[in-house]
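Accompanying notes for the structure given below.
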Amino acid sequence: MTLDDLDADVTDGAGDLGEELSVSLDRETRTELAMLVAAFEPDDPDELLRRGVHALFQTAVETGQLDFHLRSKYDVTYDEYLSGMTYDQMTGGAGAGREQRCHRTTHDDRRYQF
């Protein structure tokens, strides 16, 4: 798979998820969420779930787990995804003649740039 495949899968996945997501909670998760609600007193418990996704994403990026999985499946890294081109394309290697998609870095949903 390629950078284009990853871009298509992320776009399709975001569309499939939509704006809201119903999640079933097991007992442990429900108790942990209740503890976080009691401690942080958010206006809406959904905010804590959003923060949880952000924290998991951040950890996956910082530990290299995201790059490992992206490289395994798509043969690209998160940095390549953000820039819209592979390292080979950036350095003038194989595939450098292809159209470069630098417009990606302007998307608001790409805020985790490292």
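FYI, the working numbering numbers position 40 of the sequence shown as 39, with every residue one higher than the one before it. Note that the Cβ used here is the ideal one computed from N, Cα and C, for glycine as well.
Would you say residue i faces chain C, with C-beta separation under 8 Å as the test?
{"i": "residue 55", "result": "Reference to chain C is not applicable here, since this structure consists of a single protein chain."}
So what's residue i in DSSP terms, helix, strand or just coil?
{"i": "residue 28", "result": "helix"}
{"i": "residue 75", "result": "coil"}
{"i": "residue 52", "result": "helix"}
{"i": "residue 41", "result": "coil"}
{"i": "residue 12", "result": "helix"}
{"i": "residue 98", "result": "Residue placement at residue 98 is flagged as unreliable, the pLDDT there being 46, under the threshold of 50; the coordinate-derived value follows with that caveat. Three-state DSSP puts residue 98 in coil, outside helix and strand."}
{"i": "residue 84", "result": "coil"}
{"i": "residue 2", "result": "helix"}
{"i": "residue 90", "result": "coil"}
{"i": "residue 20", "result": "coil"}
Rounded to the nearest angstrom, how far is the Cβ of residue i from that of residue j, given a contact under 8 Å?
{"i": "residue 66", "j": "residue 77", "result": "6 Å"}
Indicate whether residue i and residue j have their beta-carbon atoms separated by less than 8 Å.
{"i": "residue 69", "j": "residue 75", "result": "yes"}
{"i": "residue 41", "j": "residue 47", "result": "yes"}
{"i": "residue 2", "j": "residue 79", "result": "yes"}
{"i": "residue 52", "j": "residue 44", "result": "no"}
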